Amino acid sequence: AIFFSVCVTATVVSGRKVKAMSHVPVLQLEKLTNSVCTNLYFYISEYSSTNCTNYFWSNDYKVSSDPSAVQVKCQTAGSVTLEVGPSRHRQLIMLVAEHYKPHEEISYGLLQPGGKYVKLSTLASVKYTVWTAQLSDEGIPYKWTKATNVPLYKGPSSIHKNYDIKVTFNGNFSNVFTNVINAIFTWDSFGDDDLCFEIVHFCREIPLYNEYIWPTTKPNVTIENLNLDEECELTVMGAYGNTKFQYETPSCAEHKECVLNNLKPQEPKNVSLHA
Amino acid sequence: AIFFSVCVTATVVSGRKVKAMSHVPVLQLEKLTNSVCTNLYFYISEYSSTNCTNYFWSNDYKVSSDPSAVQVKCQTAGSVTLEVGPSRHRQLIMLVAEHYKPHEEISYGLLQPGGKYVKLSTLASVKYTVWTAQLSDEGIPYKWTKATNVPLYKGPSSIHKNYDIKVTFNGNFSNVFTNVINAIFTWDSFGDDDLCFEIVHFCREIPLYNEYIWPTTKPNVTIENLNLDEECELTVMGAYGNTKFQYETPSCAEHKECVLNNLKPQEPKNVSLHA
Amino acid sequence: KRGNIKVEEYNQAIPDPPCSCEYKKGFINLGENVFPSNIETINCSTNQQQSCPPPYICKESIYEIKILRKRKSMAEKSLARPTDLEIGWVAESLPISVGCICTRDYVI
Amino acid sequence: KRGNIKVEEYNQAIPDPPCSCEYKKGFINLGENVFPSNIETINCSTNQQQSCPPPYICKESIYEIKILRKRKSMAEKSLARPTDLEIGWVAESLPISVGCICTRDYVI
Chain D
8 AIFFSVCVTA
18 TVVSGRKVKA
28 MSHVPVLQLE
38 KLTNSVCTNL
48 YFYISEYSST
58 NCTNYFWSND
68 YKVSSDPSAV
78 QVKCQTAGSV
88 TLEVGPSRHR
98 QLIMLVAEHY
108 KPHEEISYGL
118 LQPGGKYVKL
128 STLASVKYTV
138 WTAQLSDEGI
148 PYKWTKATNV
158 PLYKGPSSIH
168 KNYDIKVTFN
178 GNFSNVFTNV
188 INAIFTWDSF
198 GDDDLCFEIV
208 HFCREIPLYN
218 EYIWPTTKPN
228 VTIENLNLDE
238 ECELTVMGAY
248 GNTKFQYETP
258 SCAEHKECVL
268 NNLKPQEPKN
278 VSLHA
Chain Z
8 AIFFSVCVTA
18 TVVSGRKVKA
28 MSHVPVLQLE
38 KLTNSVCTNL
48 YFYISEYSST
58 NCTNYFWSND
68 YKVSSDPSAV
78 QVKCQTAGSV
88 TLEVGPSRHR
98 QLIMLVAEHY
108 KPHEEISYGL
118 LQPGGKYVKL
128 STLASVKYTV
138 WTAQLSDEGI
148 PYKWTKATNV
158 PLYKGPSSIH
168 KNYDIKVTFN
178 GNFSNVFTNV
188 INAIFTWDSF
198 GDDDLCFEIV
208 HFCREIPLYN
218 EYIWPTTKPN
228 VTIENLNLDE
238 ECELTVMGAY
248 GNTKFQYETP
258 SCAEHKECVL
268 NNLKPQEPKN
278 VSLHA
Chain Y
-19 KRGNIKVEEY
-9 NQAIPDPPCS
1 CEYKKGFINL
11 GENVFPSNIE
21 TINCSTNQQQ
31 SCPPPYICKE
41 SIYEIKILRK
51 RKSMAEKSLA
61 RPTDLEIGWV
71 AESLPISVGC
81 ICTRDYVI
Chain S
-19 KRGNIKVEEY
-9 NQAIPDPPCS
1 CEYKKGFINL
11 GENVFPSNIE
21 TINCSTNQQQ
31 SCPPPYICKE
41 SIYEIKILRK
51 RKSMAEKSLA
61 RPTDLEIGWV
71 AESLPISVGC
81 ICTRDYVI
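Residue numbers (the working numbering), protein chains in the order written: chain D, 8 to 282; chain Z, 8 to 282; chain Y, -19 to 88; chain S, -19 to 88.
This is the structure we're talking about:
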């Protein structure tokens, strides 16, 4: 007897596509199908997964003639960050490896319309080819394109360089308690092999905040809701190593309106101290 | 053209099985196949996933005539704990719901040979049927059996009862620093609707430890590596609510060998204290 | 009351430091859809404690941990999380009390 | 040195409590295969601090957090974790320093 729906998927799937993926085990292809068709639930409102599963592999593929369509921007031991030509449609970007162990998966990312960057996880010493596709409203990939190859990761840069980090502040300096100070940090990039960064920020009274900075030649980050008279620290982690930048937020004393706001009548407390 | 391998799965799959699962969307059936065939990598050494994926649905099923084969032992708002007749083979136990949203999955557990208990996650107010199967060495299910239904969760018990928790200690009382004291706790169960428990334990100097106690009419847990002179607390969470049990570990003073071991010569420190 | 530090009676008869705070350990149970589901917390036994006299007071010291919770919808914002972690889990921060310290008593 | 608590200069001229410890915040980066990947820690500036004189000393207070790490093999033991979390992630505990407190100086 025929298990109807699965076979339907089979018959319409174009053979040509299979040759390009024929080295990929069925388990990995099916896991990709399921993962994409599941996660689209979070991306597309009133979405039905049946068509997505049934027709996932139903469209042709071509080999990209435009090398700039997908560019490898940054690499670390565990990930690669790609820049993709933005599209009005949702896009699927995936890394196809030469071989897979059963528990490994095809690493992929979903880009909302207009999205340009995606960070995909990689295993060291495995060669990957980037495939892209546009997604119909039902999540069915079309215009499959076999794009660029991901070069093997050459390891972190051997030379350490310090990033020249600068900070400027804006926000409301009027009162020491209700302050909403924002710190804007900028630093230099040492070139095309130094475009992605991770930052970690905290102050004495403000907990750790961590963010990934997408590829840019003019790296910057804004940290919001700081208070006056704070001692803080920003660490920038890039291709040339980590740079720690310690700084202090503006002091209430330097801002007339803040000092005036705080000249409340001072009732002395009976200070008694006994060891 | 035919996408060869996927179609092979289709033709050998027995139709009869499909009717019982026909209400389950293909996406959920495929997600189950992939998840099991992936996770078996962690359970079976030198395991190949291809057969598992291709022949997952290739065997017949029957409706269980033995109600005691699978028993619902405990339920909470988010889970059900089942007792399954142990088998020499690896077993797959799963909950099939009446309907699924795209992002929902068939909840399942894998039991190693001889395993008896499995805890599966449930959504409140959804009716489930338990299915079991034995797994071949290649992870292919056979002897599919449609077993018991899971009753709707009736909510936590309205009456609160305190568990009568008792502790005994064993271990090495000889030295206050190298102590390896174990605390053995027992408490009573209030009957067949009160067989599963969760415990949380910590002491002043010992971090939180948390464990799930599988169904039993004689609940007990052993906490290891405690030290003497400690103030600790065990909380037992069961069907009739939480009971907090505060206790102290044995004191060095009560054990001759411990006191003797600690009578080191005492060099006084020059104690100077200034505020 | 047993010394809260175990060796007190045996080889170092030193009093508590002048401004130490008595504390009680507890835990929060966040349920099955959160990792971690049980989290240890520390509360000051009472705010005004003998060994931490005015103008000082025992206060809980807060530390922010990161937790994972099952996602309900795409609208939920997630903090940074590993690329490979299923999209169905959202990362959030949760301030908890990890200590009880003797510090200034602010009337804010 | 700026007061480490922001309001000091304005309405409460109270000295530091007699046994407070100066601390420095830092963080540990555990990489992309761990959640959370960056963890805040607190270290005592130096052990022997002026405001915490002998026989007392500033010591880091340890708290154990729970983390998730990608599983390498089935041999790895996992702590309690949500039933629904993929088997590919292992739960572990990690002791970190969340404070710097003035306490007895044990010579152990």
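Here a beta-carbon is modelled for each residue, glycine too, at the ideal position from N, C-alpha and C. Remember, it's a predicted structure, so these values are computed and weren't measured experimentally.
On the CB-based measure, 16 or more other CB atoms within 10 Å of its CB, does residue i come out buried or exposed?
| i | result |
| --- | --- |
| R61 of chain S | buried |
| T175 of chain D | exposed |
| T88 of chain Z | buried |
| K161 of chain Z | exposed |
| S29 of chain Z | exposed |
| P(-3) of chain S | buried |
| E12 of chain S | buried |
| L127 of chain D | buried |
| L159 of chain Z | exposed |
| K46 of chain S | buried |
| P120 of chain Z | exposed |
| L267 of chain Z | exposed |
| V294 of chain D | Coverage of chain D is limited to positions 8 through 282, which leaves residue 294 of chain D absent and any answer about it impossible. |
| N156 of chain Z | exposed |
Find the nearest neighbour of residue i within the set the options, judged by alpha-carbon distance.
| i | options | result |
| --- | --- | --- |
| E205 of chain Z | Z:E212, Z:F192, Z:V31, Z:I213 | Z:F192 |
| K123 of chain Z | Z:D236, Z:I100, Z:A260 | Z:I100 |
| F63 of chain D | D:S86, D:C81, D:L39 | D:L39 |
| V33 of chain D | D:C81, D:H110, D:S71 | D:H110 |
| V78 of chain Y | Y:P33, Y:C32, Y:C(-1), Y:K39 | Y:K39 |
| Q141 of chain D | D:L267, D:F252, D:A76, D:L215 | D:A76 |
| D73 of chain Z | Z:C59, Z:G92, Z:N169 | Z:G92 |
| E145 of chain D | D:N249, D:L47, D:S42, D:E261 | D:L47 |
| N9 of chain S | S:K52, S:I81, S:I76 | S:I76 |
| E20 of chain S | S:K4, S:N27, S:T63 | S:K4 |
| I51 of chain D | Y:S31, Y:M54, Y:I45, Y:P35 | Y:M54 |
| I67 of chain Y | D:Y68, D:S86, D:F49 | D:F49 |
| N217 of chain D | Y:D85, Y:T83, Y:C82, Y:S73 | Y:S73 |
| K173 of chain D | D:V43, D:Y115, D:E231, D:Y254 | D:Y254 |
| Q29 of chain S | S:C1, S:D85, S:L59, S:E44 | S:C1 |
| V228 of chain D | D:D171, D:A190, D:Q78 | D:A190 |
Taking Cβ positions, are residue i and residue j nearer each other than 8 Å?
| i | j | result |
| --- | --- | --- |
| I188 of chain Z | T256 of chain Z | yes |
| L65 of chain S | F15 of chain Y | yes |
| T136 of chain D | T152 of chain D | no |
| L202 of chain D | K108 of chain D | no |
| D236 of chain D | C210 of chain D | no |
| L233 of chain Z | I220 of chain Z | no |
| F197 of chain D | E264 of chain D | no |
| E37 of chain Z | T60 of chain D | yes |
| Y247 of chain Z | S132 of chain Z | no |
| V31 of chain Z | N18 of chain Y | no |
| L102 of chain Z | T129 of chain Z | yes |
| I37 of chain Y | N27 of chain Y | yes |
| L118 of chain Z | R95 of chain Z | no |
In terms of residue numbering, what span does the beta strand (DSSP E) encompassing residue i cover?
| i | result |
| --- | --- |
| F209 of chain D | 204 to 210 |
| K126 of chain D | 124 to 128 |
| T83 of chain Y | 69 to 84 |
| K4 of chain S | 3 to 9 |
| V243 of chain D | 238 to 245 |
| L233 of chain Z | 227 to 233 |
| N13 of chain Y | Taken as a continuous stretch (DSSP letters only), N13 of chain Y belongs to no beta strand (DSSP E), as it is neither H nor E. |
| N217 of chain Z | 216 to 220 |
| Q30 of chain Y | First-last for Q30 of chain Y: undefined, no H or E at that position. |
| K251 of chain Z | 248 to 255 |
| L65 of chain S | It is not in any beta strand (DSSP E) - L65 of chain S carries neither H nor E in the DSSP assignment. |
| T136 of chain D | 135 to 142 |
| S114 of chain Z | 114 to 118 |
Between which two residues does the alpha helix (DSSP H) harbouring residue i extend?
| i | result |
| --- | --- |
| E56 of chain S | Unbroken run through E56 of chain S: none, as it is neither H nor E. |
| K108 of chain Z | Element bounds for K108 of chain Z: n/a, residue is neither H nor E. |
| E264 of chain Z | 263 to 268 |
Item to complete: Please specify which runs of the beta strand (DSSP E), each continuous and at least 3 residues long, are wholly inside the region 156 to 187 of chain Z, giving them in chain order.
Response: 173 to 179
Practice prompt. Mind listing, in chain order, the continuous beta strand (DSSP E) runs of no fewer than 3 residues lying wholly within the region 35 to 86 of chain Z?
Written response: 68 to 70, 77 to 83
Item to complete: Give, in chain order, every residue of the region 187 to 213 of chain Z whose Cβ lies closer than 9 Å to some Cβ of chain C.
Response: Looking at the structure shown, chain C is missing, and the protein chains on hand are D, Z, Y and S.
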